[in-house]
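Position 19, counted from 1, in the sequence shown is what the numbering used here calls 22; the numbers after and before it change by one each time, with no gaps.
Where a beta carbon is used, it is the ideal one built from N, C-alpha and C, also for glycine.
Owing to the predicted nature of the structure, the values given are computational and were not obtained by experimental measurement.
Presented below is the structure to which this report refers.
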Amino acid sequence: MAHAAPASGTRRTTGSTDRTSRAPDTVLGPRVHAVARVAVPAVLGLLYGYWAAQMRRDAGPITGWNVLFGIVTGVVFMLVWIAVAAVAPRLARGAHAAMWGAFAGIAFGFLYSQGDSSVLRCSMTALLVGAGVFLAMFYRITAHEEAAETAAGDRTRARPTA
(Lines of atoms letter the chains of each structure in order from A and count residues from 1; the text may use other names and numbers.)
(Lines give C-alpha, C1' and ligand atoms only; values in the text may rest on other atoms or scores of the structure.)
Protein backbone atom coordinates (compact mmCIF):
# COMPACT_ATOMS: atom_id res chain seq x y z
CA MET A 1 0.00 0.00 0.00
CA ALA A 2 1.46 3.37 -1.01
CA HIS A 3 1.18 6.49 1.09
CA ALA A 4 1.82 10.01 -0.06
CA ALA A 5 4.84 11.66 1.46
CA PRO A 6 4.35 15.09 3.05
CA ALA A 7 5.22 18.00 0.80
CA SER A 8 8.37 19.97 1.47
CA GLY A 9 7.91 22.55 4.22
CA THR A 10 4.65 21.09 5.58
CA ARG A 11 4.11 20.39 9.24
CA ARG A 12 3.97 16.83 10.39
CA THR A 13 3.87 15.14 13.73
CA THR A 14 6.19 12.45 14.90
CA GLY A 15 5.51 11.04 18.29
CA SER A 16 4.66 13.81 20.73
CA THR A 17 6.59 16.69 19.14
CA ASP A 18 5.64 18.92 16.24
CA ARG A 19 8.33 19.92 13.80
CA THR A 20 8.60 21.36 10.34
CA SER A 21 10.22 19.04 7.85
CA ARG A 22 12.05 20.34 4.84
CA ALA A 23 13.59 18.35 2.02
CA PRO A 24 17.36 18.84 1.93
CA ASP A 25 18.79 20.85 -0.98
CA THR A 26 21.80 18.56 -1.20
CA VAL A 27 22.73 15.15 0.07
CA LEU A 28 25.54 16.56 2.19
CA GLY A 29 25.18 19.71 4.26
CA PRO A 30 26.61 23.15 3.57
CA ARG A 31 29.42 22.58 6.07
CA VAL A 32 30.68 19.55 4.15
CA HIS A 33 30.55 21.53 0.90
CA ALA A 34 32.55 24.38 2.46
CA VAL A 35 35.26 21.97 3.60
CA ALA A 36 35.25 20.16 0.24
CA ARG A 37 35.80 23.44 -1.64
CA VAL A 38 39.22 23.63 0.02
CA ALA A 39 40.03 19.98 0.67
CA VAL A 40 39.41 18.60 -2.83
CA PRO A 41 41.81 20.98 -4.65
CA ALA A 42 44.41 20.57 -1.88
CA VAL A 43 44.34 16.77 -1.96
CA LEU A 44 44.29 16.63 -5.76
CA GLY A 45 47.14 19.16 -5.87
CA LEU A 46 49.21 16.98 -3.55
CA LEU A 47 48.51 13.87 -5.63
CA TYR A 48 49.21 15.70 -8.90
CA GLY A 49 52.50 17.12 -7.58
CA TYR A 50 53.59 13.72 -6.28
CA TRP A 51 52.70 12.07 -9.58
CA ALA A 52 54.55 14.74 -11.60
CA ALA A 53 57.64 14.41 -9.39
CA GLN A 54 57.59 10.62 -9.74
CA MET A 55 57.27 10.86 -13.52
CA ARG A 56 60.16 13.35 -13.69
CA ARG A 57 62.32 11.23 -11.35
CA ASP A 58 61.91 8.10 -13.54
CA ALA A 59 63.11 5.64 -10.87
CA GLY A 60 66.22 7.70 -10.14
CA PRO A 61 67.26 9.14 -6.79
CA ILE A 62 65.04 11.64 -5.01
CA THR A 63 66.68 15.05 -5.20
CA GLY A 64 65.81 18.46 -3.81
CA TRP A 65 65.00 19.74 -7.28
CA ASN A 66 62.64 16.83 -7.81
CA VAL A 67 60.83 17.57 -4.55
CA LEU A 68 60.65 21.29 -5.41
CA PHE A 69 59.27 20.43 -8.85
CA GLY A 70 56.54 18.31 -7.26
CA ILE A 71 55.60 21.01 -4.73
CA VAL A 72 55.47 23.80 -7.32
CA THR A 73 53.50 21.62 -9.76
CA GLY A 74 50.99 20.65 -7.07
CA VAL A 75 50.52 24.25 -5.89
CA VAL A 76 50.00 25.51 -9.44
CA PHE A 77 47.49 22.72 -10.12
CA MET A 78 45.60 23.57 -6.94
CA LEU A 79 45.50 27.31 -7.67
CA VAL A 80 44.32 26.79 -11.24
CA TRP A 81 41.65 24.34 -10.03
CA ILE A 82 40.37 26.93 -7.53
CA ALA A 83 40.36 29.63 -10.23
CA VAL A 84 38.46 27.44 -12.70
CA ALA A 85 35.98 26.40 -9.99
CA ALA A 86 35.37 30.07 -9.15
CA VAL A 87 35.07 31.42 -12.70
CA ALA A 88 33.49 28.56 -14.70
CA PRO A 89 30.01 28.54 -13.05
CA ARG A 90 29.50 32.17 -14.09
CA LEU A 91 29.91 31.29 -17.76
CA ALA A 92 27.45 29.89 -20.29
CA ARG A 93 27.06 26.11 -20.61
CA GLY A 94 29.52 25.68 -23.46
CA ALA A 95 32.17 27.98 -22.04
CA HIS A 96 31.81 26.39 -18.60
CA ALA A 97 32.33 22.90 -20.03
CA ALA A 98 35.14 24.12 -22.31
CA MET A 99 36.99 25.64 -19.36
CA TRP A 100 36.95 22.36 -17.43
CA GLY A 101 37.84 20.43 -20.59
CA ALA A 102 40.81 22.69 -21.28
CA PHE A 103 41.97 22.42 -17.67
CA ALA A 104 41.77 18.62 -17.70
CA GLY A 105 43.43 18.35 -21.11
CA ILE A 106 46.31 20.64 -20.17
CA ALA A 107 46.82 18.94 -16.81
CA PHE A 108 46.82 15.48 -18.37
CA GLY A 109 49.04 16.58 -21.26
CA PHE A 110 51.60 18.04 -18.86
CA LEU A 111 51.78 14.81 -16.88
CA TYR A 112 51.97 12.76 -20.06
CA SER A 113 54.82 14.93 -21.34
CA GLN A 114 56.92 14.07 -18.27
CA GLY A 115 57.40 10.58 -19.71
CA ASP A 116 59.33 9.74 -22.86
CA SER A 117 56.56 10.50 -25.36
CA SER A 118 56.64 12.75 -28.40
CA VAL A 119 55.04 16.19 -28.38
CA LEU A 120 52.51 15.06 -31.00
CA ARG A 121 51.42 12.06 -28.94
CA CYS A 122 51.12 14.19 -25.76
CA SER A 123 49.09 16.81 -27.62
CA MET A 124 46.73 14.32 -29.23
CA THR A 125 46.14 12.47 -25.97
CA ALA A 126 45.53 15.75 -24.14
CA LEU A 127 43.03 16.81 -26.82
CA LEU A 128 41.16 13.52 -26.47
CA VAL A 129 41.04 13.82 -22.67
CA GLY A 130 39.94 17.46 -22.90
CA ALA A 131 37.21 16.59 -25.42
CA GLY A 132 35.95 13.78 -23.19
CA VAL A 133 35.83 16.03 -20.14
CA PHE A 134 34.10 18.74 -22.21
CA LEU A 135 31.37 16.31 -23.31
CA ALA A 136 30.88 14.93 -19.79
CA MET A 137 30.74 18.41 -18.22
CA PHE A 138 28.39 19.74 -20.90
CA TYR A 139 26.03 16.83 -20.25
CA ARG A 140 26.26 17.34 -16.47
CA ILE A 141 25.68 21.09 -16.66
CA THR A 142 22.76 20.70 -19.05
CA ALA A 143 21.15 17.99 -16.92
CA HIS A 144 21.53 20.03 -13.72
CA GLU A 145 20.11 23.19 -15.30
CA GLU A 146 17.13 21.29 -16.73
CA ALA A 147 16.51 19.62 -13.36
CA ALA A 148 16.62 23.01 -11.62
CA GLU A 149 14.20 24.49 -14.17
CA THR A 150 11.84 21.55 -13.72
CA ALA A 151 12.00 21.85 -9.92
CA ALA A 152 11.35 25.60 -10.13
CA GLY A 153 8.35 24.95 -12.37
CA ASP A 154 6.97 22.39 -9.92
CA ARG A 155 7.23 24.87 -7.05
CA THR A 156 5.39 27.62 -8.92
CA ARG A 157 2.41 25.44 -9.85
CA ALA A 158 -0.58 25.90 -7.61
CA ARG A 159 -1.17 22.94 -5.34
CA PRO A 160 -4.75 21.83 -4.84
CA THR A 161 -6.07 22.27 -1.33
CA ALA A 162 -7.91 19.39 0.25
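task: Out of Gly52, Ala37, Val43 and Val46, point me to the one whose CA is closest to Leu114's CA.
output: Of Gly52, Ala37, Val43 and Val46, the residue nearest in Cα terms is Gly52.
query: Does the segment 124-140 touch the segment 65-78, meaning 3 or more C-beta pairs lie closer than 8 Å?
result: no
field: 4-residue-minimum alpha helix (DSSP H) runs that sit fully inside the segment 89-126, ordered along the chain
entry: 96-116
field: alpha helix (DSSP H) segment containing Leu50, residue limits
entry: Pro33 to Arg60
message: I need the DSSP call for Val30, collapsed to helix, strand or coil.
response: coil
Classification of Met140 by the beta-carbon crowding that lies within 10 angstroms, buried from 16 upward: buried
- request: Give the straight-line distance between the Cα atoms of Val43 and Arg34, rounded to the nearest whole angstrom.
  value: 14 Å
field: Top-ranked residue by Cα proximity to Leu49, from Gly112, Leu82 and Asp119
entry: Taking only the C-alpha atoms, the option nearest Leu49 is Leu82.
message: Can you list, in chain order, the residues of its chain with a C-beta nearer than 6 Å to that of Gly112? Leave out the 5 residues immediately preceding and following it.
response: Closer than 6 Å at Cβ, skipping near neighbours: Cys125 and Ala129.
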